[in-house]
Each structure stands twice: as structure tokens, then as C-alpha cells.
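In the UniProt record's numbering, the protein residues as written are 1 to 112.
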């Protein structure tokens with residue numbers, strides 16, 4: 001009988017240490033990615049595909065190596081494609097542009 005050893009997620013301190021070994025910090029990577037300095041730390045404690053990918057890319061590995069519990073199906077063990085859960089910058093910018101446009105329209109209507 002073959003027993004498969006279940007790998008566990010990296011400890012948050014190990015992720016932080018790995019980033020330090022690469023010459024950066026969680027806050028610096030967060031700012032470099034256009035986020036608030038503390039935002040990227042959310043990926044350490046809860047599932048957030050964008051943050052996971054930013055950290056993993058900085059470390060030069062796939063996020064499934066850091067968070068196997070988030071990237072492998074518990075029943076089948078198959079790799080889950082979580083990249084499709086990330087919002088693109090285009091979608092985010094598009095949404096903000098729509099909000100601004102609606103805001104401007106309401107200002108114009110209010111003035112008339």
C-alpha cells in the first residue's frame with residue numbers, strides 16, 4: 001500500500017523569510033504591485049489568488065508549492081486553476097471609469 005504524504009501550507013513566517021532571502025519584504029512587494037503596504041499580507045491568512053500569485057512570482061515558484069491546500073482539490077488531488085478568479089487591471093479600471101462617468105453625469109444633470 002502506497003501512502004501519499006500530504007504537504008501542508010508554508011507557515012507565514014517562512015513566506016516572509018523567503019521574501020527576505022530574495023531581498024524584499026512583504027510591504028515592499030505590496031507597494032511595488034500598486035497596493036497599500038499591508039494589503040499583500042492578507043494572502044498569508046486567507047485565500048486571495050492575486051496576492052498568492054504576486055508572492056509566488058517573486059519567489060520564482062508556483063503558488064501551489066506555498067499553499068497546496070488552496071490549489072489542490074481535496075477529493076481528487078487535481079490542481080485547481082485559481083488564476084481565473086483574479087480580477088484584471090482592465091476590469092478594475094473599467095469599473096472605476098464607469099463609476100466616474102456616472103458621477104460626472106449626475107453632476108451635469110444636477111447643474112441643469
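Idealized CB from N, CA, C, for every residue including glycine.
Can you grab the Cα-Cα spacing for the pair residue i / residue j, in whole Å?
| i | j | result |
| --- | --- | --- |
| residue 20 | residue 54 | 15 Å |
| residue 14 | residue 86 | 24 Å |
| residue 32 | residue 76 | 37 Å |
| residue 7 | residue 74 | 12 Å |
If contacts are defined as beta-carbon pairs under 8 Å, then residue i and residue j qualify, I think. What distance do you get, rounded to the angstrom?
| i | j | result |
| --- | --- | --- |
| residue 61 | residue 71 | Not really, about 12 Å apart at Cβ, beyond 8 Å. |
| residue 44 | residue 68 | Not a contact, Cβ separation roughly 15 Å. |
Residue i lies in the alpha helix (DSSP H); which residues open and close that run?
| i | result |
| --- | --- |
| residue 44 | 42–45 |
| residue 27 | 26–32 |
| residue 14 | 12–21 |
| residue 55 | 49–59 |
Taking 7 Å as the limit between beta carbons, can you name the residues of its chain near residue i, skipping five residues before and five after?
| i | result |
| --- | --- |
| residue 64 | 71, 72 and 79 |
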